[in-house]
Amino acid sequence: MNIQATAQIFTEELQAISDMAKNFASKELVAKREENDHYPFGELFTETIKNASDVGFYGVNLPAEYGGTGMGYSALSSILENLSMADASMAGIIFTNAAAIEIINQASRDTDCSALYNMLSAKEALPIAFSSFTGIGEMEIPGASEKGEITGRINFLCLGGISRYAVLPARESTHGARISYYILDLDKHGIKKSEPVYSLGLHACPGVDVFLEKVPAILIGLSGKGIKYFQSMQSHLSLGAAALSLGILKGSFMEALQYTKDRFQGGRQIINWSEVRMILANMAIEIQAGQSCLAAACNELENGVTEWEKTACAIAIHVAEMACRATVDGVQLLGGNGYMKDYGQEKRMRDAHQAQCLLGMAPVRKMELIDLIIKESQ
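Every number in the numbering used here is 331 more than the matching position in the sequence shown, counting from 1.
Written out as structure tokens, the structure reads:
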């Protein structure tokens, strides 16, 4: 099979995944977006979380031989973008699970992780809990004994209240500066969980504070390689973070566009006012720029272009910032209705700011990027 034919098949598979994500969002998310956002003061959409597993969304970056699809990061980005247009909370759950799996994927380059993959291929093993809204250098990290028992606290462990397993870092007791990643069973004795933490956005992607007391865990990969695994995962999943933010931005634009076409003021459609059109134009430009950047970054990753990691990091930060700005405009275009939960614009604004913290705070990631560039220039 020639390269052109292979590329065509890959494109068709990506389109099929995109269509599946759109259909899932239409059937499962749109109608109950406002209701789902009430969590933790309302019910969690557990049936929808289960249905996402049934269609394979949690196995996108899980190797095919262990029950995943192995489609890679372009497919993951497509899913996250299309779901976030409707409700980014579901995308946040899929992203968190993918980040946890990616830690294992990176560790599998150093050691045999087949036992861990077999564990995750069991029924109801996915999604996995992970601290997806913080960088490894920003979090309180528990300690690990020589026996592999974890003691300490993890703040805002995303999906910690609903998942069977969690992937988390721990400092070795014999070498306090060395950090390793472990996987543990959240049903084990010695674990206490807080009530769901009420976050700014992505309410239905819940997190809890977890307290651990000598909880047995399994080492992932090599000891002391936790920072390396996190940084590799961060580079790969930055594309997913950018796609999630882009989806929020697109959803905000489509809502504002439809609203301004439907509403009249002074005997004219709102969309015919030049000020409104200018705001819409700015949002549309940012969407086109974001799409182009994300497509270029996915292409660099898939083709192994040198220094694709810098591109992925920069795009994740940039698209997230664009989404934060544009969703504010999306609220303003609806006037007072923009702050009403009925339309979803205020939710998208909150979700965009919450998503900006995926894999670490934006200012910290910016400083890490420029530090790397300065170091390489010397």
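Quick reminder that beta carbons are idealized off the backbone N, C-alpha and C, glycines included.
Cα-Cα, which of the options is closest to residue i?
i              : options                        : result
leucine 499    : Ser452, Gly557, Lys524, Lys523 : Gly557
leucine 703    : Tyr670, Glu677, Cys644         : Cys644
glycine 403    : Gly598, Ala460, Ala430         : Ala430
glutamate 617  : Thr637, Asp516, Val650         : Val650
serine 525     : Ile510, Gly491, Leu515         : Gly491
glutamine 437  : Ala612, Tyr560, Ala693         : Tyr560
lysine 381     : Ile459, Gly483, Ile646         : Ile459
isoleucine 522 : Gly538, Cys489, Glu503, Arg484 : Arg484
asparagine 613 : Met351, Met653, Glu469         : Met653
isoleucine 425 : Asp385, Ala362, Val695         : Asp385
Could you compute how far the alpha carbon of residue i sits from the alpha carbon of residue j?
i                 : j              : result
glycine 390       : isoleucine 579 : 23 Å
lysine 678        : threonine 505  : 46 Å
phenylalanine 388 : glutamine 562  : 23 Å
asparagine 486    : lysine 592     : 44 Å
glutamine 335     : threonine 442  : Only weak support exists for where glutamine 335 lies, its pLDDT of 49 falling under 50; the value from the coordinates is given anyway. Near 35 Å, if we compare the C-alpha coordinates of threonine 442 and glutamine 335.
threonine 342     : isoleucine 348 : 10 Å
leucine 665       : lysine 581     : 15 Å
valine 541        : isoleucine 705 : 38 Å
leucine 517       : arginine 495   : 6 Å
glycine 552       : glutamate 586  : 45 Å
alanine 508       : glycine 532    : 33 Å
Might you give, ordered along the chain, the residues of its own chain that have their beta carbon closer than 8 Å to the beta carbon of residue i, omitting 5 neighbours on each side?
i             : result
glutamine 622 : Leu577
Ignore the nearest five residues each way along the sequence and tell me which others in residue i's own chain have a CB closer than 6 Å to its CB.
i             : result
threonine 658 : Ser583, Arg679, Met680, Ala683
serine 554    : Ser511
alanine 338   : Annotation note: pLDDT 49 at alanine 338 (below 50); position unreliable, no value reported.
valine 361    : Ala417
Using 10 angstroms around the beta-carbon of residue i, count the other beta-carbons present and answer buried if the total reaches 16, otherwise exposed.
i              : result
serine 605     : exposed
methionine 416 : buried
glutamate 707  : exposed
methionine 698 : exposed
asparagine 603 : exposed
isoleucine 701 : exposed
glycine 399    : buried
glycine 423    : buried
Might you give, ordered along the chain, the residues of its own chain that have their beta carbon closer than 7 Å to the beta carbon of residue i, omitting 5 neighbours on each side?
i            : result
cysteine 655 : Ala683, His684, Gln687
valine 662   : Gly669, Tyr670, Gln676, Glu677, Met680
leucine 407  : Val391, Asn392, Ala429, Gly571
Closer than 7 Å to a non-hydrogen atom of the ligand SAH - does that hold for the CB of residue i?
i             : result
glutamine 346 : Within the structure as shown, the ligand SAH is missing, as the structure has no ligands at all.
Inset, instruction - Could you tell me which uninterrupted beta strand (DSSP E) segments, each at least 3 residues in length, are contained entirely in the stretch 539-596, listed from first to last along the chain? - result: Restricting attention to beta strand (DSSP E) runs no shorter than 3 residues, the stretch 539-596 encloses them at 549-551, ordered along the chain.
Inset, instruction - Report the residue ranges of all alpha helix (DSSP H) runs contained in full by the stretch 352-424; include only those spanning at least 4 residues, in chain order. - result: The qualifying runs are 364-367, 377-385, 404-417.
Inset, instruction - Any chance you could list the beta strand (DSSP E) runs of at least 3 consecutive residues sitting entirely within the stretch 457-497, in chain order? - result: The qualifying runs are 480-489.
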